[in-house]
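Visitor: I am attaching a structure below and will ask some questions about it afterwards.
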Amino acid sequence: MTDIIHNLKTTRTSQKPWLTLKAREMMEAWLFVSPSFIGFLIFFLGPLCAVVYYSLTEWNLLTQQATFVGLRNFENALLENPDFWHVVRNSVIFALGLVPLNMALALTLALALSRPFFGVVFFRTVFFAPVITSAIAWAIVWKFLLQGEGGFINQVLALVGITGPNWLREPGWAMAAVIITRVIKMVGLNMILYIAALQAIPRDYEEAARLEGASRWQIFSMITWPLLAPTTLVIMVITTIGSFKVFDHIYQMTGGGPENGTLVLAFYIYQQGFKFFNVGYASTLAMIMFVIVMALTIVQVMLRRKGME
Amino acid sequence: MTQRQIQILYRACWTIALLIAAIPFVFPFIWMVSAGFKSVTEIFGAPTLIPRVWRWQNFIEVFTYQPFARQYFNSLYIAILVTVLTLVIASLAGYALARMRFAGAGLLMLFLISALMVPEEVTIIPNFFLMRWAGLMDTHWPLILLPTFGPHGVMATFLMRQYFLALPKELEEAGKMDGLSRFGVWWQIALPMSRPALAAVAIITFLFSWNLFLEPLIFVSSLEMFTLPLALSNFNDSYGLPLWNLQLAATSLAVVPILIVYLIAQRQIIESFALSGVKG
Numbered sequence: 001m002t003d004i005i006h007n008l009k010t011t012r013t014s015q016k017p018w019l020t021l022k023a024r025e026m027m028e029a030w031l032f033v034s035p036s037f038i039g040f041l042i043f044f045l046g047p048l049c050a051v052v053y054y055s056l057t058e059w060n061l062l063t064q065q066a067t068f069v070g071l072r073n074f075e076n077a078l079l080e081n082p083d084f085w086h087v088v089r090n091s092v093i094f095a096l097g098l099v100p101l102n103m104a105l106a107l108t109l110a111l112a113l114s115r116p117f118f119g120v121v122f123f124r125t126v127f128f129a130p131v132i133t134s135a136i137a138w139a140i141v142w143k144f145l146l147q148g149e150g151g152f153i154n155q156v157l158a159l160v161g162i163t164g165p166n167w168l169r170e171p172g173w174a175m176a177a178v179i180i181t182r183v184i185k186m187v188g189l190n191m192i193l194y195i196a197a198l199q200a201i202p203r204d205y206e207e208a209a210r211l212e213g214a215s216r217w218q219i220f221s222m223i224t225w226p227l228l229a230p231t232t233l234v235i236m237v238i239t240t241i242g243s244f245k246v247f248d249h250i251y252q253m254t255g256g257g258p259e260n261g262t263l264v265l266a267f268y269i270y271q272q273g274f275k276f277f278n279v280g281y282a283s284t285l286a287m288i289m290f291v292i293v294m295a296l297t298i299v300q301v302m303l304r305r306k307g308m309e
Numbered sequence: 310m311t312q313r314q315i316q317i318l319y320r321a322c323w324t325i326a327l328l329i330a331a332i333p334f335v336f337p338f339i340w341m342v343s344a345g346f347k348s349v350t351e352i353f354g355a356p357t358l359i360p361r362v363w364r365w366q367n368f369i370e371v372f373t374y375q376p377f378a379r380q381y382f383n384s385l386y387i388a389i390l391v392t393v394l395t396l397v398i399a400s401l402a403g404y405a406l407a408r409m410r411f412a413g414a415g416l417l418m419l420f421l422i423s424a425l426m427v428p429e430e431v432t433i434i435p436n437f438f439l440m441r442w443a444g445l446m447d448t449h450w451p452l453i454l455l456p457t458f459g460p461h462g463v464m465a466t467f468l469m470r471q472y473f474l475a476l477p478k479e480l481e482e483a484g485k486m487d488g489l490s491r492f493g494v495w496w497q498i499a500l501p502m503s504r505p506a507l508a509a510v511a512i513i514t515f516l517f518s519w520n521l522f523l524e525p526l527i528f529v530s531s532l533e534m535f536t537l538p539l540a541l542s543n544f545n546d547s548y549g550l551p552l553w554n555l556q557l558a559a560t561s562l563a564v565v566p567i568l569i570v571y572l573i574a575q576r577q578i579i580e581s582f583a584l585s586g587v588k589g
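Chains as they are written, first to last, in the numbering used here: chain A, 1 to 309; chain B, 310 to 589.
Structural data, given as structure tokens:
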């Protein structure tokens, strides 16, 4: 009896004449998404529009008001300022070093750790541990290990008669050190993505190939690798975008030095905007970064579509 | 050699190779703790794993050099707040995007996807002016608001949406029949069923906030307001050179508790990252 009354009540309230069911549902839905949407407008869309405008102004916080200069900053960055191309070059070297190294190592580890064996959990845990560690902490420890005099790495090298370089004080070595320590920090993430993909491949394929007498290499190159292609593509794009965003690691390990040898795009934006207060120019750099990341994403989507056909 | 012996030899080679490969992943943590107990002179002397003199004093000086306990607390409470806020906001929006039909849903999805792709570095300058205008410089508000509503929050929203989409609809419809409001269905039926997704979002969000660096660097200036990563990078002498033993002691204090939790819950934590990586 009470149930019937209850049902009657609810049907009555949901049929308020001034609000159709559909309109009511829509209002509810917007209530659900409104916190997210309002935050999106205030902290993302607004700032994104603002940065487009800033990039068209000459604006140094210390000396002047913003004045509209059109594409002057882009001209400055792309055609005149030698620093810009130096930074782009560094970012590209960083990406070209990091992405293949990271992916090759991730795939190797994943192939070794995708099947259960004694100790597999131990190894997965170990290789993933740096991923959850703060980049600052990781960079602090490695900067310490890589000290030129009395640093642990060089002491070990000295044991076998090699005089190690002053890793973080020479541009070439510093870049290599930053790339390698970054790979060690982040490779675990790609490793588990590869492991998940490998575990999704049906075992029958491999068994069938083995019965046909295929070697391990043949199985890998003709079955596993092609089936991993979508994962490889996603990992490649995510890792490349990530490599353009790297900031804290470089801030702590080299501060962009020596001789700007590790000055990459994200760090350059920070430096121009928050050290030299060149708001207009820094915004231009942010726009260029935006375009690079967008382009990479679009390439990914297009390649994925092509792969599906 | 028999087939079986070859198999065993092969396994053994792999295991040894993996053990060697594991060194650069494990050793920095061990060396960090070890150096945290050493004196400055011993730190750059002949390398020993066990300190000759255990200098416990380092761990006291960490707290007197700067308000490290306060900074630790800041990181902790900010990470918890960001996690709770992200869970609520992402699961609300994720639910609506998965289950409700409304005008503008497609456009909203498109907006959110675009937000997912834009790095924080791109919008950080206008956000700086926004926060300055709102009088929120040197407060913790930017460190709570920006991660919650930034690309990470959007990623959490999509993760929740994917999970809700995979849930059976029947229970929720039964709930509606019983007179639950939309909000009631979300709170009493959908949320309890999506505990694994909520746990995954909670784990990655907590770590994301805990390790955040760019935002604290830009928005926070006084020592009492620092978060851990900022505090760690601040153990320098007056020439700007690192006070290595203090810095490494402090880093140990910041990293080891997280590592212990990780070792206990490694399966859950790794799966959370796998989920966010695949979906995000």
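Backbone N, C-alpha and C define an ideal beta-carbon position, used for all residues, glycine too.
For chain A, find out if any of its Cβ atoms is closer than 8 angstroms to the Cβ of R441/B; answer yes or no.
Guide: no
Visitor: Counting only beta-carbon atoms, is Y404/B nearer than 8 angstroms to chain A?
Guide: Chain A contact via Cβ: present.
Visitor: Given this structure, state the Cα-to-Cα distance separating N383/B from I512/B, to the nearest angstrom.
Guide: 18 angstroms
Visitor: Measure from the alpha carbon of Q471/B to the alpha carbon of each residue in R408/B, I498/B, T432/B, T457/B, then state which is nearest.
Guide: R408/B
Visitor: What in chain A is Cβ-close to N436/B, meaning under 7 angstroms?
Guide: Those are F43, P47, listed as they occur along chain A.
Visitor: Under 8 angstroms between the Cβ atoms of F43/A and G459/B?
Guide: yes
Visitor: Looking at chain A, which residues of the stretch 319-347 of chain B have a Cβ within less than 9 angstroms of any of its Cβ atoms?
Guide: Within the stretch 319-347 of chain B, the qualifying residues are R320, W323, T324, A326, L327, L328, A330, A331, P333, F334, V335, F336, P337, F338, W340, M341, A344.
Visitor: What separation, rounded to the nearest whole angstrom, lies between the Cα atoms of A174/A and G255/A?
Guide: 11 angstroms
Visitor: Could you give the distance in angstroms between the alpha-carbon of L193/A and the alpha-carbon of N554/B?
Guide: 37 angstroms
Visitor: Could you tell me if I453/B is buried or exposed, where buried requires 16 or more neighbouring beta carbons within 10 angstroms of its beta carbon?
Guide: Around the beta-carbon of I453/B, 16 or more other beta-carbon atoms lie within 10 Å, marking it buried.
Visitor: In angstroms, rounded to a whole number, what distance separates the CA positions of G354/B and G148/A?
Guide: 13 angstroms
Visitor: Just to confirm before moving on: does the CB-CB distance between V463/B and L421/B stay below 8 angstroms?
Guide: The beta carbons of V463/B and L421/B sit closer together than 8 angstroms.
Visitor: Under DSSP, the alpha helix (DSSP H) around T373/B begins and ends at which residues?
Guide: 366-374
Visitor: Return the CA-CA distance between M27/A and V397/B, expressed in angstroms with no decimal places.
Guide: Answer to the nearest angstrom: the Cα atoms are 19 angstroms apart.
Visitor: Classify P171/A as helix, strand or coil using the three-state DSSP reduction.
Guide: helix
Visitor: Tell me, please, whether the stretch 315-330 of chain B touches the stretch 246-265 of chain A by the rule of three or more beta-carbon pairs shorter than 8 angstroms.
Guide: no
Visitor: Compare the C-beta of M302/A against all C-beta atoms of chain B and say whether one is closer than 8 angstroms.
Guide: no
Visitor: Can we say the stretch 266-281 of chain A touches the stretch 290-305 of chain A, given the rule of at least three CB pairs closer than 8 angstroms?
Guide: Remark: fewer than three beta-carbon pairs, one from each stretch, lie closer than 8 angstroms, so the stretch 266-281 of chain A and the stretch 290-305 of chain A are not flagged as touching.
Visitor: Please state the DSSP three-state secondary structure of F68/A.
Guide: F68/A: strand per DSSP, three-state reduction.
Visitor: Considering only residues of the same chain and omitting the five flanking positions on each side of I573/B, which have a CB-CB separation below 8 angstroms?
Guide: none
Visitor: Given a cut-off of 8 angstroms on the beta-carbon distance, is the pair A506/B and E481/B in contact?
Guide: no
Visitor: Along the stretch 234-245 of chain A, what residues have a CB closer than 7 angstroms to any CB found in chain B?
Guide: K245
Visitor: Measure the C-alpha to C-alpha separation of W365/B and L439/B and round it to an integer number of angstroms.
Guide: 44 angstroms
Visitor: Can you list, in chain order, the residues of its chain with a C-beta nearer than 8 angstroms to that of L233/A? Leave out the 5 residues immediately preceding and following it.
Guide: Q300, L303, R304, G307
Visitor: Tell me whether R441/B is buried or exposed, calling it buried when 16 or more other Cβ atoms sit within 10 Å of its Cβ.
Guide: exposed
Visitor: Which chain E residues are close to M464/B, counting only those with a beta carbon under 8 angstroms from its beta carbon?
Guide: No chain E appears in this structure, whose protein chains are A and B.
Visitor: Out of M236/A, I235/A, Y205/A, which has the shortest C-alpha to C-alpha gap to S221/A?
Guide: Y205/A
Visitor: By Cβ distance, which residues of its chain are closer than 8 angstroms to F411/B, with the 5 residues on each side in sequence left out?
Guide: A405
Visitor: List, in chain order, every chain B residue whose beta-carbon is nearer than 8 angstroms to that of S134/A.
Guide: W519, N520, F522, L537, P538, L541, A563, V564
Visitor: Tell me the DSSP secondary structure of E524/B in three-state form.
Guide: Three-state DSSP puts E524/B in a helix.
Visitor: Hey, does I398/B have any beta-carbon neighbour from chain A nearer than 8 angstroms?
Guide: yes
Visitor: On the DSSP letters alone, give me the boundaries of the alpha helix (DSSP H) that Q252/A sits inside.
Guide: 248-253
Visitor: With a threshold of 8 angstroms between beta carbons, is R491/B in contact with chain A?
Guide: yes
Visitor: Can you give me the Cβ contacts of N520/B inside the same chain, cut-off strictly under 8 angstroms, excluding the 5 residues immediately before and after it?
Guide: The answer, listed in chain order, is P538.
Visitor: Quick check: the stretch 213-229 of chain A against the stretch 72-80 of chain A, are there 3 or more CB pairs under 8 angstroms?
Guide: no
Visitor: Restricting to runs no shorter than 4 residues, where is the alpha helix (DSSP H) found entirely within the stretch 223-275 of chain A?
Guide: 225-245, 248-253, 265-270
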